[in-house]
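Protein sequences appear in the order of chains A and B. For the first sequence, our numbering assigns the number 1018 to the initial residue and increments by one for each residue that follows. For the second sequence, our numbering assigns the number 1018 to the initial residue and increments by one for each residue that follows. Even glycine gets a Cβ: it sits at the ideal position worked out from N, Cα and C. Keep in mind it's a predicted model, so treat the numbers as computed, not measured.
There are 2 protein chains.
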Amino acid sequence: MASVRDIVVSAAINLLSALTFLLAFAFLRLQPINDRVYFPKWYQKGTRSSPTASGGFLKNKFVNLNFKTYLKFWNWMPAALRMPEAELIDHAGLDSAVYVRIYLLGLKIFVPITILAFAVLVPVNWTGSTLDDIKDLTYNDIDKLSISNVPSGSLRLVAHVVMAYVVTLWTCYVLYKEYQIVTKKRLQFLASENRRPDQFTVLVRNVPSENDEAVSENVEHFFSVNHPDHYLTHQVVYNANRLARMVDRKKILQNWLTYFETKFERNPKKRPRTKTGFWGIWGKSVDAIDYYSAQIKKINEYEAEEREKLMNDPEAIIPAAFVSFKSRWGAAVCAQTQQSSDQSLWLTEWAPEPRDVYWNNLATPFVELNVKRLLASLAMFCLTFFFMIPIAFVQSLASLDGITKVLPFLEPLMEQEAVMSIVQGFLPGIALKIFLTLLPAIIASMSKIEGHTSLSSLDRRSAGKYHFFLLVNVFFGSIITGAAFEQLHKFLNQAPSEIPRTVGVAIPMKATFFITYIMVDGWAGIAAEILRLVPLITYHIKNTFLVKTEYDREQAMDPGTVDFPTSEPQIQLYFLLGLVYSVVTPFILPFIIVFFAFSYLVFRHQIINVYDQKYESGAAFWPDVHRRVIIGLIISQLLLLGLLSTKSALQSTPLLLVLPVLTIAFDRFCKGRFESAFVKYPLQEAMKKDTEERATDPNLNLKAYLQDAYVHPVFKDIDMNRPAALDDEENSPLVETSSRKSSEESGSPGIIVDTVIDEIPSYYV
Amino acid sequence: MASVRDIVVSAAINLLSALTFLLAFAFLRLQPINDRVYFPKWYQKGTRSSPTASGGFLKNKFVNLNFKTYLKFWNWMPAALRMPEAELIDHAGLDSAVYVRIYLLGLKIFVPITILAFAVLVPVNWTGSTLDDIKDLTYNDIDKLSISNVPSGSLRLVAHVVMAYVVTLWTCYVLYKEYQIVTKKRLQFLASENRRPDQFTVLVRNVPSENDEAVSENVEHFFSVNHPDHYLTHQVVYNANRLARMVDRKKILQNWLTYFETKFERNPKKRPRTKTGFWGIWGKSVDAIDYYSAQIKKINEYEAEEREKLMNDPEAIIPAAFVSFKSRWGAAVCAQTQQSSDQSLWLTEWAPEPRDVYWNNLATPFVELNVKRLLASLAMFCLTFFFMIPIAFVQSLASLDGITKVLPFLEPLMEQEAVMSIVQGFLPGIALKIFLTLLPAIIASMSKIEGHTSLSSLDRRSAGKYHFFLLVNVFFGSIITGAAFEQLHKFLNQAPSEIPRTVGVAIPMKATFFITYIMVDGWAGIAAEILRLVPLITYHIKNTFLVKTEYDREQAMDPGTVDFPTSEPQIQLYFLLGLVYSVVTPFILPFIIVFFAFSYLVFRHQIINVYDQKYESGAAFWPDVHRRVIIGLIISQLLLLGLLSTKSALQSTPLLLVLPVLTIAFDRFCKGRFESAFVKYPLQEAMKKDTEERATDPNLNLKAYLQDAYVHPVFKDIDMNRPAALDDEENSPLVETSSRKSSEESGSPGIIVDTVIDEIPSYYV
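Dropping the structure here:
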């Protein structure tokens, strides 16, 4: 077991690596060439078009030689905190602003608890002096600060029981306050929002098929009968997945064509040639411009054919539609009520905002949806508990014997010592690492199977699954040390009252492990997050080798988003650790506080300068965050119950049993009090907005406004003639883009293939 | 353990007692004097006003001397089945009609299963011949028909696994079909219903208190702003509990006054006197007519005062209101949507029909409601698991030593042998019996605490609680034989995978016990139900001693209702037994089928001739019934799993584990498919009804129709001048009543104090 010195060393190493990351970040971000990696948000916003804009005094476009700026490299920290929350919501959206509040919630919960624990529990534990009597090496100084140092049946345990109450009450109080604040912010946000198509629109699924009526007429008919005063218009949904693939393909071809055309323009003597194979690397050599022109012409024909087919084939219309209403009130009513007496038909729900729609899932029929959900939850259960089995199998294959058995011709190679040590030391770990890297993607595809209709709900569901996985495999896995299916077996064959005891007893012994975990995963991990090593390298690789057009550079600049489905569950792990150890080994708490504070700083900086959200759900994830903290609280209470029951403090059991009951009651109370603000849209608010709008804009042509709001992105491309990734509200960045391009072009003629273009839209005509 | 002969004897005894009850019933129901006990429904309906109406040839009004009728005394059975279901719904309401369908559901599930089990499983078990080899007395012939007779690890167990699948699939299929039918019937019923106030009305609770506005204005203002096109009117709710008590008291006084006045009229020479004490038995002797007149005058004054206070005191108005809309569509919208951004305010729900409102609970604030629900569920948990503790305490007090200790002066009495044996043999049992008799009332009062606003939801909640109690204390209690808190202790200290094994192994051994239980509780109990012994005796006692006025006789004729909160959970116990034993000991199934068939017959007869429902919820209880059968199914699957795991048939475990997963998925599917038809009112249906009504009755004054629909019953009394128990739609029975009275009066001058009255309403002026 690690001693205090080991922890100090580990802390030093991790602090050092974190510091190194931070220094690297401070240095790299000041280099103009990295400007699009560290400030993409401002480019997206259109307020920044080239690195010059940030300073104005930079001589060199690639390396910052102004050493004065280096002296101020810590400035990003206060800068990250300076932006007030209202402005932050305006700048980055409510989702992001509330996301960083999760870290703030951690600070609010744990700072007072830490102070109290160090003032009360640490002295109580320290003077407990049980471990002084045991003269072996199974304990260390940290254990002397933990509950392990308190003798069994001691009156001192009263302090721990009282502390458990304080922790529960304080956590619930902070959670309640925070839920209240977030709810208020959400309602304010929804109220202050400008007119958006989704405020007037409802997604209708499972439109019944009637032989004599097309989907469109059926929808029109149904809603004009059942919502006569409010129905305005509707848009049917085409199954355009094939067309979307064609459009993507055409974009690539066009990029290539433009690239070669520019090349030819610059050097008119030599017509560029390309090979017909993959990425132009092999295959028959042909004239590039002719080849790509022909390809594009061909794909244009296919595309036109497919479009025609889609428009005329009634089979291509999905039995779902976006139905718009004359007022927010009408839409709110339709979204919240049941339409037909057959519950599997005419299902209505709030339409997600247009960019949040997950188009592939709109067509799933009711029964299929149920079957898919069942399968997805079974798959998740198996994934969580049995993922080690295939990995162990792969690992056994990846051993020396395994490889020589499957591929006998490699045997001579395997006998070399260097190869041997690599295979034995490296390969087994890689199988697990690959799995863990793929895990978020696996989980995301499971969520997709479940048939959610918006990206935001997909993300929320994935986060729930990942949280379960982490809880079982990281938290319980680390404590019980065994694969999850062994845990499962143990739990099934043990009395329910035994489980908290088994786990609870192991808790104090794992404190040092978790402290190290927090430093590696929390501190250094977050510092790596701000350095953005992967996007940095990717950007430069793309910039050097792949960027052929300005549009490509737009794409190469990958601002990324808050990766909610993986990062939120990870935060929850820290909440869980903090709550579990607050009474047992308070020494862990400062490490958690450092994590929360540092993360708050880093993520606030990132959402201001880097991330660009794909959608805006209005903090719809908060009920999940709240519930998971509650789950952590209940786990901590049960484990303390188990731990104390081994400390001859059985009389505390009824006292401690009250806590989970109270916590569950609190959760249900909060659910009743706040949750529907995240699910429903109160009529009062809708009516207020409607009335306001009627006063300010009495001549609004809402029908025209909504006409094409919910058109599948591939159809939008025709009309808009620009990439689907850009939203139609953001017209200004496009204008800026061209000026930015020309300025960059003049400055950097050599490094990247910087093609002169008139305007992005013209590419895709 | 009971042998087959014991069971035959027990069956004979129970059949005989059931037959005796039936014969007694057949005899008693033909006596005109009992007519109001066995046919009250027809009196209530107004189609029967005196026993003569049924035959027309009866000479004697009290005893039936026409022996021809006795020959046809089994006629009630086919008669009960003859009424088609549509007519039954019309006659007794959908609640009752669907209630008897529960028995039909039992038949549908178990008749095919029984046939299959006897064709397949019984031969398989019988020829298993394990028990033949064991030459001791722990088994009997019934065990030879059960799974116990199949050797461990035998291939024959495949038959049981297949049977488990068949039972699950068949039960789910029947449940699905039945849910579909009931949903359809409910929607038809709601659609075919005449105009009712609750179709247009929404109950609004937690109206916020604003200092400058009264509740009434606040409601008016809120709904005319937020539902401008649909809001019609509203009715505030007064806290009239005190007034209601006064009105009740006045009614009793007036009955006495009328009684004495009539007495004086008949015998004008002697003014009747009464004593001022309890029931006129002791106290100062006074002139009865003067005394009661004075009393009534006094209470009238109090009442007027209280009414005035209620009308003028804004404190007397509860922050809740019944809000009515211009159309069903408007009400459906308001009931299903959220009104305010603060979820604890302006809570809307469908208004129960006026007679279904539980007035006392309308005022509960949001936070208080949450606390009360928590307390109620904790109390229910303690009641279920620890009720034996206080009873054991009372039993110990009720022992000889206990009594002599508390009441030492009784010691000489206690020493007599007869007294001793009574105390020892009788008293301890009585404590338990009293508790079990009071249990439904205790459970009902717990449900009241939970703050439900309608009698029907109170009943549904009570049924849920009682089901839990029966499950723990009757089913598991009988199998594990131990008080519930001992079970709880055992369950907590045993591995979850052990529990099905422990219980599962005990299952086959308890078959004979449950067969006896079915015969006593099911067969004889149902026969006792049709005899209506308690109402019969009560009616005759009341008739002889208490009935002073015609209104008293109306009250004495207690038709009763289907006692849903206790009888539905009892049926569920039979479902559970059938499902558990269908694979283990199919021999029990015919007994269950007899129970279901006989109950179906009896209850169909009762709802046609006897019961008068207090409210009509439109079969809103069906989702509960469905869910509880599913719970029974899952319990049966888990117990079979445990049982087979002891039979060295471990390879069947994964096969059997699939069943509960499938069953839960089926339940969720059904929930999604049907449940909202029981909770919400589809807009399509509402719109259809509205359109129809607009066509048929274009000049309807809806406001006038709804004006007084939701007035507290005590206020209705003033206007209507008749008892609250009678509903306002039922005007015809009142007219009939007077003719019935006069005809009876002329025929039966002696036995009851039959006072001549002009009309009931005049009593209460």
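Contacts that residue i makes with chain C (C-beta to C-beta distance below 8 Å)
i: A/V1601; result: No chain C is present in this structure, whose protein chains are A and B.
Closer than 9 Å to chain A by CB, residue i
i: B/T1354; result: yes
i: B/A1512; result: yes
i: B/A1694; result: yes
i: B/F1383; result: yes
i: B/E1515; result: yes
i: B/V1678; result: yes
i: B/L1391; result: yes
i: B/N1329; result: no
i: B/L1509; result: yes
is_contact[residue i, chain B] using C-beta, thresh 9 Å
i: A/L1656; result: no
i: A/Q1192; result: The question names Gln, but residue 1192 of chain A in the sequence shown is Leu. So, not an interface residue.
i: A/G1280; result: Note that residue 1280 of chain A corresponds to Lys in the displayed sequence, not to Gly. Not closer than 9 Å to any Cβ of chain B, the Cβ of A/K1280 fails to qualify, so no.
i: A/F1493; result: no
i: A/N1142; result: no
i: A/N1490; result: no
i: A/L1204; result: yes
Cutoff 8 Å; reference residue i; Cβ partners in own chain excluding five residues on either side
i: B/K973; result: The question about residue 973 of chain B has no answer, for chain B in this structure spans 1018 to 1782.
i: B/I1024; result: I1159, T1529, I1532 and T1533
Chain-order list of residues whose beta-carbon lies under 6 Å from that of residue i (same chain, five-residue window excluded)
i: B/D1684; result: I1647
i: B/L1032; result: none
i: A/F1608; result: I1532 and I1535
i: B/Q1589; result: H1484 and R1645
i: A/S1071; result: Since pLDDT at A/S1071 reaches only 45, below the 50 mark, its modelled position is unreliable, and the value read off the structure follows with that caveat. If we look at A/S1071 and ignore the five residues flanking it on each side, it has no Cβ neighbours.
First and last residue of the uninterrupted alpha helix (DSSP H) at residue i
i: B/R1266; result: N1258 to R1283
i: B/P1336; result: Element bounds for B/P1336: not the alpha helix (DSSP H) but the beta strand (DSSP E), I1334 to F1342.
i: A/R1290; result: A/R1290 -> not in any alpha helix (DSSP H); beta strand (DSSP E) instead, spanning R1290 to K1292.
i: B/E1515; result: E1515 to A1523
i: B/E1585; result: F1581 to V1601
i: B/W1639; result: W1639 to S1662
i: B/S1357; result: B/S1357 -> no alpha helix (DSSP H), and no H or E assigned at all.
Residues of its chain near residue i, where Cβ-Cβ distance is below 7 Å and the 5 sequence neighbours each way are ignored
i: A/W1093; result: H1622
i: B/E1633; result: G1110, L1111, D1112 and E1370
i: B/L1472; result: D1373, Y1375, K1631 and Y1632
Residue range of the unbroken beta strand (DSSP E) whose run includes residue i
i: B/Y1255; result: Y1248 to Y1255
Residue i beta carbon near the ligand SAM (any heavy atom closer than 8 Å)
i: B/F1493; result: This structure simply doesn't include the ligand SAM, nor any ligand for that matter.
- In the region 1346-1376 of chain A, which residues sit with their C-beta less than 7 Å from some C-beta in chain B, listed in chain order? Within the region 1346-1376 of chain A, A1349, V1350, Q1353, T1354, Q1355, Q1356, S1357, S1358, Q1360 and S1361 place their CB atoms closer than 7 Å to a CB of chain B, listed in sequence order.
- When you check each C-beta in the region 1680-1691 of chain B against every C-beta of chain A, which residues fall closer than 8 Å? Per Cβ criterion, the list reads A1682, R1685, F1686, G1689, R1690 and F1691.
- Message: Short of 9 Å Cβ to Cβ, which residues in the region 1239-1268 of chain B face chain A?
- Response: Answer in chain order: F1239, V1242, N1243, H1244, P1245 and D1246.
- Query: Taking any Cβ of chain A, which residues in the region 1699-1723 of chain B have a Cβ under 8 Å from it, in chain order?
  - Reply: Against chain A - using a Cβ distance shorter than 8 Å - the residues of the region 1699-1723 of chain B are P1699, L1700, Q1701, E1702 and M1704.
- Just checking, does the region 1654-1674 of chain B make contact with the region 1312-1323 of chain B on the three C-beta pairs under 8 Å criterion? They do not touch, by the three-pair rule.
- Between the region 1453-1460 of chain A and the region 1368-1380 of chain A, are three or more C-beta pairs nearer than 8 Å? Between the region 1453-1460 of chain A and the region 1368-1380 of chain A there are fewer than three C-beta pairs closer than 8 Å, too few to call the two in contact.
- Query: If we count Cβ pairs, one from each stretch, closer than 8 Å, do we get three or more for the region 1584-1598 of chain A versus the region 1107-1127 of chain A?
  - Reply: Three or more beta-carbon pairs separated by less than 8 Å link the region 1584-1598 of chain A to the region 1107-1127 of chain A, which places the two stretches in contact.
- Message: Quick check: the region 1245-1256 of chain A against the region 1381-1399 of chain A, are at least 3 beta-carbon pairs closer than 8 Å?
- Response: No, they do not touch.
- Item | Validate contact between the region 1707-1725 of chain A and the region 1221-1239 of chain A using beta carbons, cut 8 Å, 3 pairs | Contact fails: fewer than three Cβ-Cβ distances are below 8 Å.
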